[in-house]
Every structure is written in structure tokens, then in C-alpha cells.
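A.B. asks: Line by line, the protein sequences are chains Y and C.
Letter by letter, the first sequence follows residues 1 to 454 of UniProt numbering.
Letter by letter, the second sequence follows residues 1 to 454 of UniProt numbering.
Just so you know, even glycine gets a beta-carbon here, dropped at the ideal spot from N, CA and C.
Number of protein chains: 2
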Amino acid sequence: MSRPALLDLLPDGVAVADPDVLAAYRNDHAQFCPSGTPAVLVRARSVDDVVTTLRWAHANRVPVVPQGARTGLSGAANAIDGGVLLCLEKMDRVLEVDTEEQLAVVQPGVVNARLAATVAEHGLYYPPDPGSRDISTIGGNVATNAGGMCCVKYGVTADFVRGLQVVLADGRVLRTGRRTAKGVAGYDLTRLFVGSEGTLGVITEITLALRPATQRPLTAVAFFATPADACRAVAHHLGAGHRPSVLEFMDRPTVDAVSAMADLGFPDDLGAVLIAQSDVGAGAPEELRAFELSARACGATDVVVADDPAEGELLMRARRLVGHAQERLGATLVDDVCVPRRRLAELVEGVARIAEAHGVLMSCAGHAGDGNMHPTVIFDKSDPAQAAAAERAFEEIMRLGLDLGGTITGEHGVGVLKREWLARELDETALWTHHQLKNSLDPRGILNPGRVFG
Amino acid sequence: MSRPALLDLLPDGVAVADPDVLAAYRNDHAQFCPSGTPAVLVRARSVDDVVTTLRWAHANRVPVVPQGARTGLSGAANAIDGGVLLCLEKMDRVLEVDTEEQLAVVQPGVVNARLAATVAEHGLYYPPDPGSRDISTIGGNVATNAGGMCCVKYGVTADFVRGLQVVLADGRVLRTGRRTAKGVAGYDLTRLFVGSEGTLGVITEITLALRPATQRPLTAVAFFATPADACRAVAHHLGAGHRPSVLEFMDRPTVDAVSAMADLGFPDDLGAVLIAQSDVGAGAPEELRAFELSARACGATDVVVADDPAEGELLMRARRLVGHAQERLGATLVDDVCVPRRRLAELVEGVARIAEAHGVLMSCAGHAGDGNMHPTVIFDKSDPAQAAAAERAFEEIMRLGLDLGGTITGEHGVGVLKREWLARELDETALWTHHQLKNSLDPRGILNPGRVFG
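Quick look at the structure:
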């Protein structure tokens, strides 16, 4: 292949065409998602680099895949044959933390945990905490509207985005939103780009709302004989008007996987656990007592309230190990269906039936307070029959999520992995609307073509 | 004029062409906004009526102005010559209140206060509380992304909209969003329609997130010698990490106007007041003590904490009287600029200078906690010189808001009144993006043409 012309338009070292380097950037963390052979990798250092790249790609009708740290789970950042990989991870500066207005302005490549730590030094709190927070970037979080454990009380990434700088398909630079707490001047362009998975523009700067730091949380853990009991406790507790800062679920296989890495001191006979936190300070013991009552009313076999915050932090670290613990057992295929809370028990029971029917190992954890669960198929990738069964089980869980009045994706996005399924969740008019919006902003279809919808 | 064909397509009584009836629906509450002579008024009873109307209007390229209770303050619901007024106020049913999932499904014509009262009977809370809440509809609130006093703690209308049913320009019915707490399947179409002021579709059903009922709030009022001192106290208090459930500002002319209607028992020599509330129950006295400290640190001459919630409710009723109190003094032209909180003091001082320069009476109240103020010019509409001066002062306040890093509209919307100003707040690329989105969904330009942008 001849030397791509884009290399000469960018500063030295920004663009590379070396196949060995390109190979390292071809895939995100999704399974079963094809990735093509890209022609160029651009590691943008500035908005100008992004503008140059898009102008060239627009003029030459070359597909561009924007990507951050490639920690996504739906293949949206995977390479396209002959296209440009436009990586934003080197644009990684926290440009501003404004304590008085409680906002931060960041470049897209800033890693979530670094931002959270930076603003914490200023007495502020950036809640969105996807499981990937130690390695994923804010740009990627915004592009997928990432969630996490905080959402039950504080909301998702979109709820913290006040404004964006976006480079449009033809290289023009758009500013959306505002720095002020409120504003209704024109359409909500910010929200249109949040969660659009790189199909409408390339995000180059983000203005984020922050919150005052919360109190160090107190933690409780409730043990249940069955996953369904735990799910009923979730619906009961939140339906009664409580708002814990965390309400997480782990089933028995998940607890076993984590226990192999860290001694949790949990009883042997559990079917599932719920972990609840309260960050309201003096009122926290009372909030956790209410949680205990809800759990016991739904059949909890025991409830333990951690006496000090450090114990709770250990427990949360264990919860955050789930992904690693599952990956030690095999390849993983992670669903992220989200259902109405009252249907959670049906969801976990249905997931168990699906696992049995397909003879696959299933481990289920999730943000139960939001109805957002991560049933995870664990399988041997080298065994084609197992891989095929895993894929079928993964898809049946999406069908179940839809049947229960939910969505195929609560926080991971559609990407390539769930593209065919988007058409089952949305109707024809909604898909038409997506196409119209996409065509209106990217008429040549160069931005992450074929992702999210066909 | 001949009998419009649309009348025969709709059920009896749904559409009328009687000029006397039409006249009553021609205007919203905005001043200085032209309204045309409409051909037909459709008072839709069902989605089918809306579909029929839009199909006909689309086929015949007739402009359609959607409207609710016409309480808007920017002229977005004003009639267009020869067009259809499509009024949704008769679609006024609360279709569902789901206590377990904490959501409500409503038709657009439900009045805000009625919804709030209905969900309160179920132990739930619908926070958005625009000043018009006793008379404005949820559909109108959604179409303008209305705010209110709750926003400083709970956010704006958009933050409570989970999903919509929207009739598109050509009469197709679109469903956006979801019932679940989270969901990222496709673009955030819901947010695109929220705040779009009737230019992208006609909202026929709304799924709203609710919150658990809060504790009955406690209230404090702080008195200041100058408006600037009060504004500094706002920035100081929120910058220190406090989150009152209400933080409202009234200047001296506003307090005087309200005092003429209700005895507030305020001291005679005040320059401005702040009203703060806390709805956190047992922690409320502590939150209000923190407010008192912030206020005194910024020069408050006195701070009074109401001993019981009833006193606070009287004070809030007084705050809600502001609009009526101002209208007793003359015609009013209400700005709703929103600035970063640290610029609030500059805003109120600048507004005073503008009032003096133009020789107009200015009364300023607002949602100071959000930086969202309502400087209100009060004038004699029958005096052309005064009216012209009022209009100039109104515009200079928008210029000031922009100069201070803010927005021309924090919660009232652009409509007709601020259309020319939108082009000063947004740049060319942002305006291009608006046009592209509008054209992609309403290629014939029949939906509220000429509103928001040109």
C-alpha cells in the first residue's frame, strides 16, 4: 500500500501507517466484533490535528473511527478496512477545575479515575464511575454515555456534561452547551453527541458539572438464598422511596469468582448478595438500617453493616474485581440489559434458564438499583461449539430484556455487537429519525460508518 | 375565507375557524411578539387528531404552531398567518403513576401543579416548578425545558423526561426514550425534542421520572444592604459545597411590589433578600445555619430562620407572587439570563445601570442559586417612548448576560422574542447544525417556522 497522504498533512509522529502499530489499536474490549485493517492511525495532540484529519477524510471519503482507550465493550472503536483510526488518548489534559462554579473542562483523553482524583483534591466529586474507570477516558465515557455504580443516586455521564467542543465530519469546530447551570438557547446539541458513539462528530473538549464531595460512605451487605429474593429486595427498597448511593448485586458464581481472588468472608450457602452504601454522613446508619429492613422483609438470610468505612471500601474493591475475576475463568461476553426494577427477579431467573438451556457458565452482577444487570457468559473461546452457544445465550438475554419492557443496553452502547438488535428495540420511525440526523450532520457517512445502526 | 378543508377531516368540534375563538388562542404571555391571523384552531383530543392535522398540513405545506396553555414568555406559541394553531390542552389525562418505578405517563395538556399534586398523593415528588406551574402544562414545560425554584438542587424539566411520544412533521408517530432508569440504545432523541419549542415535532405523551417525596422544607431569609452583597453570598454558599433545595433572590423593588399585596414583615431598609430552603429533614436546621454563616460572611444585616415549616410556606407564597405583583405596576418584559454564579453581582449591578440609563423601572428576582435571574422591566405600554426604552433595556440585559459568560435564556426559551439574539449566542457552525437538524426532520418547514432561529 502506498504511503497515505494524510501522514504529510499532520505534524511529525502524529500519524503512523506501520501495520504493527496499527494492529495494537484495531480492537476495543468487545468479543465477537469484527475489526478491519486500518490504513492510518492518528494520535491527535490537538484540535488542529483532528480538524486536519477530518477535512482530509471528508474530502477523500475515507471512514474515520474515533477512539479513546479502547475499553468499550461493543466494538464501536474497532478499525474499518482502509480507514483512519483517530485516537484521542494523547489529548489528556485537565484544562480547568473551577471550584466556585463546580465544573471542570477536560480534553477527551483524560482517564476517568484521574479526573475523579484531581477534582477530589479540590473538595469536589465527579460521580460517573464505569467499571473501566481506571483505564477508560472521559471522551469514551461521553461517547458511550457510560454509567457505573453511582447512577442509582447521581445519574449517568450525560447528566454531568454541560458542553462540548466537537469537530464535525467536514472539519468544522462546533461548540455546544454552556458553562452555566441552566440554559435553553437552541436545541440540546450536547445531548445529541453524548452517547452517539463517534457517529456524529469527534469530541475534543468536555465541560463537566461536578458536585460537592460527599461524606465517606458506610456500607452494608445482605445475603440471600436466591438471586430472585435479592432482586425483590431492590424493588422493595427503592419503591419505598430510599436512595442509596450504591445498590449492587452479585450472584453466587460471581461471588465465587471474586472469592478466588480476595477473601470476602461471605457465608458458604448464599445464592446472591446486595451491597448498599449511604454517603449522607450522620444519616447513613439510619439509611442502612432501612436497607436492612427491606432486605429482611424480602427473605435476606443475614445483613451485615460495616462498622467503619474502610471495611466498606474493601467490599467495593471486591465488587470492582468482578470483571477481572470473570476473565480468569475464560472469555467473557457481557450483556448490559436494563429492565424496570420490578422485573429484575424475572430477569435473573430467565438468565439462569438461558444459561442452562445453552450449557454455558453464567455469572451475573450489576447495578441492580437501576435495573441494569450484567449477565456475563463465560466460555472457552477455543471451542467453537461453546463460543456459538455463548453468542446465542448473549442474544437471548437481550431478547429477554426487551420482553421485560427494558432495553438491550443500559450503559455499554450498541457499537457493532448489538447493531442488529437496535432495530428490534426501536421501531421504523425511530430508525428513520436516526438516519435523518446522521445524514444531516455527516452526509458522506465517514464517521464510524455502520456502527450503532446500519 | 373559505372553509378550511382540515375541519372536515377531524371529529366534530375538534377544529374551529371562528375568528372570535381563534383570537383567544393567538398569543402567549410574551410582550413585543407579533402574532399572525391563524386559519384554524385544532383542539386535539387524541393522538389521531394530531396525526390527521399534521398529515394535512404537511401535504398542503401549511404552518402549524403547537401550543399548550399559552403561558410562555417568548412568543413561541403565537399564531402564524394562515396557519394552524394546534392546541394540546384538552389532552390532559394522567395516564399512569407507577409508584414502584417512580414514574408517571401523562398527556401534554396536564397542568404542572395538578401532576405534582397527583403524584404527591402517592408519596412521590415531581420537582420542576416553573413560576407558571398553576397554569402551564407539562407539554409546554417539556417543549421549553422549563425550570423553576427546584432546579438548584433537582435540575430542570429535561432531567425528568425519560421518554416521549412525538408526532413528526409528516404525521408519523415516533417513540423516544424508555421507561427504565438507564438506557443508551441509539441517539438521545428525547433530549432533542425537549426544549425544541415545537419546531421538530408535536409532543403527545410524556414519561416522567419522579422522586420520593422530600421532607417538608425549613426556610430562612437573609437581608442585605445591597443586591451585590446578596449575590456574593450565593456564590460563597454554593461554592462551599452546600446544596439548598431553594435559593431565591429578590431586590428591593420586587420586595416592595410584593409587600403591596402581602405583608412580609421585612425590615424597611433592605437592598435585597435571599430565601433559602432545606428539605433534608433532621439535617435541615444545620443546612440553614450554614446558610446563615455564608450570608453573614457576605454582609447580611440579618438572617431569620423560620421556626416552623408553615412560616416558610408563607414566604414561598410571597416569592411566587412576584409576577402578579409586578404586573400590578405596569406591563412587564421579563429577561431570564443565566450567568456563572460568581458573575451574579456584576449582573445585578449592570442591570441597575441599564435601568438608570434608560429611565425604566426594574424589578429583579430570580433563581440565584443557578445564576438564573429575571430582571423585569416594568413600563407603561401606552407610552411609546417608555415601551421603546423598555425593549432596549431588555435587549441590553441579554447583551450583559452574554458578556458575563452566560446565556440569553436560562428557562423561558427563545421563541420569537430572542430569535435575533440566538445568533449572537451561537456561532455560525452551531446555527448551521440547528438548520441541518430542523431540515432533516421537517423538510417542508411546517412546524413552528421562524421560531427559535430564522
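1. Report the neighbours of CYS364(Y) on chain C: residues whose CB is nearer than 7 Å to its CB, in chain order.
2. Name the two residues that bound the continuous alpha helix (DSSP H) containing ASP134(C).
3. On the DSSP letters alone, give me the boundaries of the beta strand (DSSP E) that THR219(C) sits inside.
4. With distance defined between alpha-carbon atoms, name the residue in GLU327(Y), THR219(Y) and LEU329(Y) nearest to VAL280(Y).
5. With a threshold of 6 Å on Cβ separation, who are the neighbours of VAL51(Y) within its own chain once the five nearest residues in sequence on each side are excluded?
6. Thinking C-beta only, is ASP336(Y) closer than 7 Å to HIS412(Y)?
7. Which of the three DSSP states is assigned to ILE354(C) in this structure?
8. What beta strand (DSSP E) runs, 3 residues minimum, are completely inside the region 90-163 of chain Y?
9. Compare the beta carbon distance of ALA393(C) and HIS367(C) with 7 Å and say whether it is the shorter of the two.
10. So GLY83(C) packs on VAL62(C), CB below 8 Å; how close in whole Å?
11. Determine whether the Cβ of GLY401(C) lies closer than 7 Å to any Cβ atom of chain Y.
12. Could you work out which residues of chain Y lie near GLU408(C), taking near to mean beta carbons separated by less than 7 Å?
13. What does GLY198(Y) reach in chain C if we use C-beta pairs closer than 7 Å?
14. Alpha carbon to alpha carbon, how far is PRO108(C) from ALA213(C)?
15. Does ASN372(Y) come out as helix, strand or coil in the three-state DSSP assignment?
16. How long is the line joining the alpha carbons of ALA24(Y) and ALA235(C), rounded to whole angstroms?
17. At a CB-CB cut-off below 9 Å, which residues of chain C make contact with LEU333(Y)?
18. Check the Cβ of LYS153(Y) against every Cβ in chain C and list those closer than 7 Å, keeping chain order.
19. Check whether the Cβ atoms of ALA104(C) and LEU210(C) sit closer than 7 Å, and answer yes or no.
20. Measure from the alpha carbon of ARG296(C) to the alpha carbon of each residue in ALA430(C), CYS231(C), PRO34(C) and ALA15(C), then state which is nearest.
21. Between which residues of its own chain and ALA143(C) is the CB-CB distance below 6 Å, once the five residues before and five after are set aside?
22. VAL47(Y) and ALA15(Y) - do their beta-carbons sit closer together than 7 Å?
23. Taking only beta carbons into account, state which residues of the region 203-218 of chain Y come closer than 9 Å to chain C, listed in chain order.
24. Applying a beta-carbon distance threshold of less than 7 Å, which residues of chain C neighbour ASP427(Y)?
25. Could you tell me whether the Cβ atoms of GLY132(C) and LEU417(C) are closer together than 7 Å?
26. For VAL452(C), go through chain Y and note every residue whose CB falls closer than 7 Å to its CB, in chain order.
27. Would you mind working out which of VAL184(Y), ASP129(Y), LEU189(Y) and LEU124(Y) sits nearest GLU96(Y), comparing C-alpha positions?
28. At a CB distance below 8 Å, what residues from the region 332-351 of chain C approach chain Y? Give them in sequence order.
29. Residue ranges of each alpha helix (DSSP H) run of no fewer than 4 residues wholly in the region 159-200 of chain Y, ordered along the chain?
30. Based on DSSP bridge pairs, tell me the residues matched to MET261(C).
31. Going by DSSP in three states, ASP256(C) sits in which element: helix, strand or coil?
32. Cα separation between LEU422(C) and CYS338(C)?
33. One question on the structure: do PRO227(Y) and ALA272(Y) come within less than 7 Å of each other, judged by their Cβ atoms?
34. Could you check whether the Cβ of GLN436(Y) sits closer than 7 Å to any Cβ belonging to chain C?
35. Indicate whether at least one CB of chain C lies closer than 7 Å to the CB of LEU441(Y).
36. When DSSP builds the beta bridges, which residues end up paired with LEU208(Y)?
C.D. replies: Based on what the coordinates show:
1. The premise fails here: CYS364(Y) is roughly 17 Å from chain C at the closest Cβ pair, so nothing lies under 7 Å.
2. That residue, ASP134(C), is in no alpha helix (DSSP H); it is neither H nor E in DSSP.
3. 218-224
4. THR219(Y)
5. VAL167 and GLY171
6. yes
7. helix
8. 94-98 and 103-106
9. no
10. 6 Å
11. no
12. The identity of residue 408(C) in the sequence shown is Ile, whereas the question assumes Glu. By Cβ distance, chain Y contributes ALA185.
13. Per Cβ cutoff of 7 Å: no residues; GLY198(Y) is ~12 Å from chain C at best.
14. 23 Å
15. strand
16. 48 Å
17. The premise fails here: LEU333(Y) is roughly 18 Å from chain C at the closest Cβ pair, so nothing lies under 9 Å.
18. Going along chain C, no residue has its Cβ under 7 Å from LYS153(Y), so there is no contact; the nearest lies around 11 Å.
19. yes
20. CYS231(C)
21. GLU197 and GLY198
22. no
23. ARG211, PRO212 and ALA213
24. ARG175
25. The sequence as given places Ser at residue 132(C); Gly does not occur at that position. It is not a contact, given that the beta carbons lie outside the stated cut-off.
26. GLY186
27. LEU124(Y)
28. CYS338, VAL339, PRO340, ARG341 and ARG342
29. 189-193
30. Partner(s): none; MET261(C) has no beta bridge.
31. helix
32. 14 Å
33. yes
34. yes
35. yes
36. ALA104(Y) and VAL161(Y)
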